[in-house]
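What follows is one structure encoded as structure tokens, with my remarks underneath.
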Amino acid sequence: MAEKLALMRDAYGETLVELGRRNNNIVVLDADLSPSTKTSLFAKEFPERFFDVGVAEANMISIAAGLASVGKIAFASTFAVFGVEKGLNQFKQSVAYPNLNVKLVTTHGGISVGEDGSSHFCIEDLAVMRSLPNVTVIVPADAVETRVATRAIAEHFGPVFMRLSRPKTPLVYDDGYRFMGKELKFEIGKSITLREGRDVTILATGLMVAESLLAVQELAKEGIDAGVINFHTIKPIDREAILRAATSTGALVTAEEHNVIGGLGGAVAEVLVEENPVPMVRVGIQDTYAESGPWRELFAKYGLTSSDIVKAVKKVLKRRGR
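Note that the working numbering has the sequence shown beginning at -12, numbered continuously upward.
Have a look at this one:
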């Protein structure tokens, strides 16, 4: 069966329109990239509630803060590298510190930006944003989860950072937020267990959820029973799920399209070292800058494929003494 692909960005833009029809307090801002972030869909239907600030990301965050301070639900969007690196001071001082209702939803995260090259890659955003008090950090696994996540953060009061990808990516979920026929519930701060495993648990986020599910199939051929948990929320991290997996399998692998420093792997390690240390291996970008190229080729070069997860599982099982 052919792999089903979809754009997270499309799902985001379409859901913004849906939300805008229901709530007049939703406003959307962009920094001269609305055709790419898909906020252009909201702009077309609600021009009076859309603000394109031009190439001025820091100003965009400040304006969003001002709108939130008078009761608006402000969605601000641009590419991850611009929103995080150029708007950080304003997001910290004007949004996170006063705990305002601003949703910074960035597209083109990670290295799956591909041919845009290293200057447009953002592999530090999760580490940076989860270090800010009051900030919720979300990374959907696919377009279906992007829809439910966008609805959830609109209902959630407070600063949110949500990272989306650029290319069409594999669908993990079926329409209606279903997996293997089961309807799921998206809750901020709660992970989704996609598969239970006896031998090892893979904790994944973003595009690496699909890769983890592929890895499970390969591992099964070698008699290794692996579980997969989707951590769509990086902060607040689902401590209970981490500790439950640590107890049940005694071996964990984290998988993320992010520097191995400070993202999902860092968050999981922090929980384990305080509560229940078990063998753990982090799959991610190994503290290096990547280069321009097709995103799947970059995933292969920088260790973000199902094969890399399989290798990590075998490594952690060896450390556990299997």
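A virtual CB, placed ideally from N, CA and C, is assigned to each residue, including glycine.
Taking Gly250 as the centre and dropping the five residues before and after it, the same chain places the C-beta of Leu113, Ala114, Glu243 closer than 6 Å to its C-beta, in chain order. Non-local C-beta neighbours of Pro281 in its own chain, meaning closer than 6 Å and more than five positions away in sequence, comprise Gly101, ordered along the chain. The Cβ atoms of Ser64 and Gly58 lie no closer than 9 Å to each other. In this structure, the beta-carbon distance from Leu3 to Thr26 falls below 9 Å. Counting along the chain, the unbroken alpha helix (DSSP H) around Pro22 starts and ends at 21 to 24.
By alpha-carbon distance to Phe144, the top candidate from Lys90, Pro127, Leu119, Pro22 is Lys90. When the Cα atoms are used, Asn121 and Glu142 turn out to be separated by approximately 16 Å.
Ser64: member of the beta strand (DSSP E) spanning 60 to 66, first to last residue. Residue nearest to Ser23 within the set Leu(-6), Val40, Ala51 is Leu(-6) (criterion: CA-CA distance). Burial is judged here by how many other beta carbons sit within 10 angstroms of a residue's own beta carbon; Arg306 has fewer than 16 and is exposed. When the beta-carbon positions are compared, Val268 and Val297 stay at least 9 Å from each other. Pro34 and Val15 have their C-alpha atoms spaced approximately 10 Å apart.
In the DSSP annotation of this structure, Ile229 is not part of any beta strand (DSSP E); the continuous alpha helix (DSSP H) holding it starts and ends at 226 to 236.
Bridge pairing for Lys222: Val124 [DSSP]. When DSSP states are grouped into helix, strand and coil, Leu119 belongs to the coil group. Going by beta carbons, Ile216 and Ile189 fall inside the 9 Å limit. In this structure Gly96 touches Ser152 by the C-beta definition: roughly 6 Å separates them, less than 8 Å. Per DSSP, reduced to three states, the secondary structure at Phe38 is strand.
Glu5: not part of any beta strand (DSSP E); member of the alpha helix (DSSP H) spanning -5 to 9, first to last residue. Non-local beta-carbon contacts of Lys155 in its own chain, meaning distances under 8 Å to residues more than five positions away in sequence, involve Leu(-8), Ala(-7), Leu(-6) in chain order. According to the DSSP assignment, Asn46 belongs to the alpha helix (DSSP H) that extends over 44 to 56. With fewer than 16 other Cβ atoms from the protein chains shown falling within 10 Å of its own Cβ, Val42 counts as exposed. For Arg182, the enclosing beta strand (DSSP E) starts and ends at 179 to 182. Rounded to whole angstroms, the separation of the alpha carbons of Ile211 and Glu183 is 12 Å.
Assigned with DSSP and collapsed to three states, Leu291 falls in coil, not helix or strand. Separation of Glu1 and Pro264 (C-alpha to C-alpha, rounded to the nearest whole angstrom) is 43 Å. The Cβ neighbour count for Thr234, taken over all protein chains shown within 10 Å, is under 16; the residue is labelled exposed.
Beta bridge pairing from DSSP links Asp161 with Arg165. By the 16-neighbour rule on beta-carbons within 10 angstroms, Ser106 is exposed.
In terms of CA proximity to Arg231, Gly214 leads the group Pro223, Gly214, Tyr164, Gly163.
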